[in-house]
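Undergrad:
Protein chains in written order, with this note's numbering: chain A, 954 to 1090; chain E, 954 to 1090; chain B, 954 to 1090.
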C-alpha cells in the first residue's frame, strides 16, 4: 500500500471565501503514484468546510447566502462567551461538512462532469490548514 | 491491497426520488473479494445525495419535505441566471451529503440493524451516475 | 495492509447527549499499529451523529439548539405513524452526518489544534453502537 500526505495553507482576505482546490488535489494524486485508491481532503479547522459542487459563481453566492440563512452570523451564540464571534462558522462547518473522500481510478480522481472540490472558509483572515491524504496502490 | 470499482446509472421518472441501493452495494462488496476494508458510495453528480437511514416510507416523505423546507425548490437562485432551474438540488446535495464510506468486516458491510443505503435524486428525469469503490484485502 | 475494528457502546441518560470520544479513537489507532492510513468512525444507528468540532460547552449547547431548530423534536412526522417519536433524530442524523474519516500520519490522528471527535446521541436512553475501522500500514 502506498500513502501520500500534503497540507495546504489558506489565509483569506475576506471572512468568508470559496476556493476551488481541484487542481491542487489532482496534482497530489499524480505525485502519489496511486492508481487505485482513495484521497481524503479534510479541513484541519472547525470553522471551514470542504465540499464538492459546481464551479459557477452564481451558485457559490447561493451557497453562501443559504449557509448564512441556516446558520446566521450574529452575536447570540453561547460560544461567544469565550470571547469568540465565530459561532456561525462552527455551525456552517457542521451543515456543509469538513471533508470529502474521493475515488482514484487509473491514477486520476474519478469524477463526474461537474464535480469540483472547494475549500469554504467561514472565519478567515488568518492562517488555516487542510490535509490531503492518499492511500492505495 | 485489492480494489474494485463499479458504476450505477439512474434515470428517475420523477424530479425527486429515493432509491434503496443497499443490495447493489452489498453485491459489489461480495464481487470484490475484500474481507476487511472500506466501500465508498459516492454520487457523480452535484444535484443528488447518498445517505444511510431507514427503509420506512413515512420517513422518506419526511426527509423529502424537510430537505425542501431547508433548501426550497424555486425560481430565486442566482444559479438560475445560467438557464438552470435546479439551484435547490445543489443545496440539498450539500445539506444531506453526496457520499458515504462504509466499513467491510468479514466480507460484508458492517451495518447496524436499521442502516440502509439510499440514492436521493433531486434533479432527475435524466441519466445520472454513482460510483462504488472498494479497497481492502 | 493492516486493519483493526472496534465497537463502542453508549446508553445515555438523556435523550440528547454529546460525548467526546477522541481519546477512545486515539487508543484504537495506537492498538492498530497503523502508521499511515485512515480511521473511519461511524455510528451504527440512524438517530445519532458523529462529528468533529470544538470541546467547548457553550458551543455544544449552540449545536444542540441549532440542530433542534432545523430539525425540531415534535409529533408531526409521518414516521411517527409507525409508533416511533424520533423523526427529529433521523433528520438530525442527516443534518450533521453519521461518520467521519480521519487521517493517520506517523501513527497518530492527524488533527488540527481544535479538532475533537464527538458522538451525538439524538434518541438515547437505550443501547447504541458505533464502529471504528482502521486501515493502512
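Here a beta-carbon is modelled for each residue, glycine too, at the ideal position from N, C-alpha and C.
Grouping DSSP H, G and I as helix and E and B as strand, with all else coil, what is residue 1040 (chain A)?
TA: Residue 1040 (chain A): helix per DSSP, three-state reduction.
Undergrad: Locate the alpha helix (DSSP H) running through residue 984 (chain A), then write down its first and last residues.
TA: Start and end: 975–985.
Undergrad: Chain E partners of residue 1014 (chain A), CB-CB under 7 Å?
TA: Correct list: 1031.
Undergrad: For residue 1086 (chain E), would you say it is in contact with chain A, using Cβ-to-Cβ distances shorter than 8 Å as the test?
TA: For residue 1086 (chain E), the answer is yes, since a Cβ of chain A falls inside 8 Å of its Cβ.
Undergrad: Skipping 5 residues on each side, what residues in its chain have a beta carbon closer than 8 Å to that of residue 1025 (chain E)?
TA: 1041.
Undergrad: Can you look up residue 1035 (chain E) in the DSSP assignment and give me helix, strand or coil?
TA: Reduced to three states, the DSSP call for residue 1035 (chain E) is helix.
Undergrad: In chain E, which residues lie with their C-beta within 7 Å of the C-beta of residue 974 (chain B)?
TA: Within chain E, no residue comes near residue 974 (chain B); the closest Cβ sits about 16 Å away, beyond 7 Å.
Undergrad: So, helix, strand or coil for residue 959 (chain A), using DSSP?
TA: Here residue 959 (chain A) sits in strand by DSSP.
Undergrad: Can you pull the DSSP bridge partners for residue 1081 (chain A)?
TA: BP columns for residue 1081 (chain A) point to A:963.
Undergrad: Looking at chain E, is there any beta carbon in it that lies within less than 8 Å of the beta carbon of residue 1083 (chain A)?
TA: No, no contact with chain E.
Undergrad: Would a check of beta-carbon distances place residue 1052 (chain A) closer than 8 Å to chain B?
TA: True, the Cβ-Cβ gap to chain B drops below 8 Å.
Undergrad: Which residues in the same chain have their Cβ closer than 6 Å to the Cβ of residue 993 (chain E), if we skip the five residues on either side of it in sequence?
TA: Closer than 6 Å at the Cβ level, and outside the excluded window around residue 993 (chain E), lie 1054, 1086.
Undergrad: Could you say which of E:969, E:1048, E:957 lies nearest to residue 980 (chain E) if we only look at CA atoms?
TA: Nearest C-alpha to residue 980 (chain E): E:957.
Undergrad: On the premise that residue 1007 (chain B) lies in contact with residue 1052 (chain B), defined as a C-beta separation below 8 Å, what is that separation, rounded to the nearest angstrom?
TA: Between residue 1007 (chain B) and residue 1052 (chain B) the Cβ distance is about 19 Å, and since that is not below 8 Å, they are no contact.
Undergrad: Measuring only between beta-carbons, confirm whether residue 1035 (chain E) sits less than 8 Å from chain A.
TA: Yes, contact with chain A.
Undergrad: Quick one: is residue 995 (chain E) near chain A, going by C-beta distance under 8 Å?
TA: Interface residue, yes.
Undergrad: For residue 1083 (chain B) versus residue 1072 (chain B), is the C-beta spacing smaller than 8 Å?
TA: Contact: yes.
Undergrad: Hey, is residue 1028 (chain B)'s beta-carbon within less than 8 Å of any beta-carbon in chain A?
TA: By this cut-off, residue 1028 (chain B) is not an interface position.
Undergrad: Report yes if the CB atom of residue 1046 (chain E) is closer than 8 Å to the CB atom of residue 1002 (chain E), and no otherwise.
TA: Cβ distance < 8 Å, so residue 1046 (chain E) and residue 1002 (chain E) count as in contact.
Undergrad: What is the DSSP secondary structure of residue 1008 (chain A), reduced to helix, strand or coil?
TA: Residue 1008 (chain A): coil per DSSP, three-state reduction.
Undergrad: Output yes if chain A places a C-beta closer than 8 Å to the C-beta of residue 999 (chain E); else output no.
TA: For residue 999 (chain E), the answer is yes, since a Cβ of chain A falls inside 8 Å of its Cβ.
Undergrad: Got a sec? Which residues, its chain only, sit under 8 Å from residue 978 (chain B) by beta carbon, not counting five neighbours each side?
TA: Cβ within range, chain order: 992, 994, 1055, 1062, 1070, 1085.
Undergrad: On the premise that residue 1043 (chain B) lies in contact with residue 1012 (chain E), defined as a C-beta separation below 8 Å, what is that separation, rounded to the nearest angstrom?
TA: The Cβ separation is near 6 Å, so the contact holds.
Undergrad: Exposed or buried, what is residue 971 (chain B) when buried is set at 16 or more other beta-carbons lying within 10 Å of its beta-carbon?
TA: It is buried - the Cβ of residue 971 (chain B) has at least 16 other Cβ atoms within 10 Å.
Undergrad: Compute the Euclidean distance between the alpha carbons of residue 1059 (chain A) and residue 1076 (chain B), then round it to the nearest angstrom.
TA: For residue 1059 (chain A) and residue 1076 (chain B), the distance between alpha carbons rounds to 43 Å.
Undergrad: If we ignore side chains and look at the alpha-carbon of each, how far apart do residue 964 (chain A) and residue 997 (chain A) end up?
TA: Cα-Cα distance, rounded: 13 Å.
Undergrad: Run down chain A in chain order and give the residues with a C-beta less than 8 Å from the C-beta of residue 1090 (chain B).
TA: Neighbours of residue 1090 (chain B) on chain A, chain order: 954, 956.
Undergrad: Quick one: grab the DSSP three-state call for residue 1090 (chain A).
TA: Coil.
Undergrad: Please decide whether residue 986 (chain E) counts as near chain C, where near means a Cβ-Cβ distance under 8 Å.
TA: In the structure shown, chain C does not exist; the protein chains are A, E and B.
Undergrad: Judging by CA-CA distance, which residue of B:985, B:984, B:954, B:1015 is the nearest neighbour of residue 1035 (chain A)?
TA: Closest by alpha carbon: B:1015.
Undergrad: Using the three-state DSSP reduction, which class does residue 969 (chain B) fall into: helix, strand or coil?
TA: If DSSP states are grouped into helix, strand and coil, residue 969 (chain B) belongs with coil.
Undergrad: Rounded to whole angstroms, what is the Cα-Cα separation between residue 1030 (chain B) and residue 1037 (chain B)?
TA: Approximately 9 Å between the Cα atoms of the pair.
Undergrad: When you check each C-beta in the segment 1039–1071 of chain E against every C-beta of chain B, which residues fall closer than 9 Å?
TA: So the list reads 1048, 1049, 1050, 1053, 1054, 1055, 1056, 1057, 1058, 1063, 1064, 1065, 1066, 1067, 1068, 1069, given in the order they occur along the chain.
Undergrad: With DSSP as the reference, please indicate the residues paired to residue 1058 (chain B) in a beta bridge.
TA: Looking at the DSSP assignment, residue 1058 (chain B) forms a beta bridge with B:1061.
Undergrad: Would you say residue 1021 (chain E) faces chain B, with C-beta separation under 8 Å as the test?
TA: Residue 1021 (chain E) does not count as touching chain B.
Undergrad: Does the separation of the CB atoms of residue 987 (chain A) and residue 1089 (chain A) fall below 8 Å?
TA: For residue 987 (chain A) and residue 1089 (chain A), yes; Cβs fall inside 8 Å.
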